[in-house]
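Have a look at the structure below, then the notes.
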C-alpha cells in the first residue's frame, strides 16, 4: 500500500474591482478596505468565503487602498492511495494487480473565491480544483 497526502494552507489572492475606476485604461485595480473590517473574518462557506463587507468600490478617479494578497482562499487536503499485489506464476512470469484511488475520501478541494467587488459572484466559490474520487485499476504481466 502506498499513499500520498497533500496539505496546504489557502493561497493568497488580490481583491479586485473589475472596472477602470482610476481611469488608467485597464481594470486590474484594487478596491478600498473598510476600516475595522478584516476580509478573512468571513463564514468560509462556498456561498461566502470571506467578509465581502470589508471591501468596497473606491471613488471614481482614485486608486483603491486594499493591499495585495489580502484574501486567503481555502486550503487543500487530499489523500491518494494505491494497493497492489504481486503474484508469481512460475519461472520468470509474474502478475501484478493494482488499484489506485485519487481523492480517496472524496473531499472537495475548493477553488479560490471570486474577488472582484463588481461581480455578481463576489465572494463565492463556484468550482473545485480537482475532480472528486477517481479509481484506476491496472494489471501488469511480466515475462
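Residue numbers (the numbering used here): 135 to 277. Glycine included, every Cβ here is placed at the ideal spot set by N, Cα and C.
For residue i, the nearest candidate out of the options (CA to CA)
{"i": "residue 155", "options": "261, 214, 195", "result": "195"}
{"i": "residue 198", "options": "151, 220, 277, 177", "result": "151"}
{"i": "residue 183", "options": "228, 192, 137, 172", "result": "172"}
{"i": "residue 163", "options": "254, 210, 249", "result": "249"}
{"i": "residue 275", "options": "193, 219, 256", "result": "219"}
{"i": "residue 224", "options": "165, 169, 277, 243", "result": "277"}
{"i": "residue 261", "options": "242, 253, 271, 254", "result": "242"}
{"i": "residue 254", "options": "226, 161, 244, 186", "result": "186"}
{"i": "residue 202", "options": "226, 170, 149", "result": "149"}
{"i": "residue 271", "options": "170, 233, 193, 263", "result": "233"}
Beta-carbon contacts of residue i that lie in its chain and below 6 angstroms, excluding the five residues immediately before and after
{"i": "residue 213", "result": "139, 238, 239"}
{"i": "residue 180", "result": "259"}
{"i": "residue 246", "result": "147, 207"}
{"i": "residue 263", "result": "243, 245"}
Nearest-angstrom beta carbon gap, residue j and residue i [assumed within contact, 8 angstroms]
{"i": "residue 235", "j": "residue 215", "result": "5 angstroms"}
{"i": "residue 251", "j": "residue 158", "result": "The Cβ separation is near 17 angstroms, so there is no contact."}
Assigned exposure category for residue i - 16 Cβ within 10 Å defines buried
{"i": "residue 204", "result": "buried"}
{"i": "residue 177", "result": "exposed"}
{"i": "residue 188", "result": "buried"}
{"i": "residue 200", "result": "buried"}
{"i": "residue 257", "result": "buried"}
{"i": "residue 174", "result": "exposed"}
{"i": "residue 165", "result": "buried"}
Own chain, CB closer than 7 angstroms to residue i, minus 5 neighbours either side, in chain order
{"i": "residue 222", "result": "228"}
{"i": "residue 142", "result": "209, 210"}
{"i": "residue 231", "result": "218, 219, 273"}
{"i": "residue 136", "result": "215, 216"}
{"i": "residue 144", "result": "206, 207, 208, 209"}
{"i": "residue 167", "result": "188, 189, 199, 200"}
{"i": "residue 160", "result": "154"}
Chain-order list of residues whose beta-carbon lies under 8 angstroms from that of residue i (same chain, five-residue window excluded)
{"i": "residue 268", "result": "235, 236, 237"}
Which runs of the alpha helix (DSSP H) spanning at least 4 residues fall entirely within the segment 139 to 202, listed in chain order?
-> none
Please specify which runs of the beta strand (DSSP E), each continuous and at least 3 residues long, are wholly inside the segment 226 to 262, giving them in chain order.
-> 227 to 236
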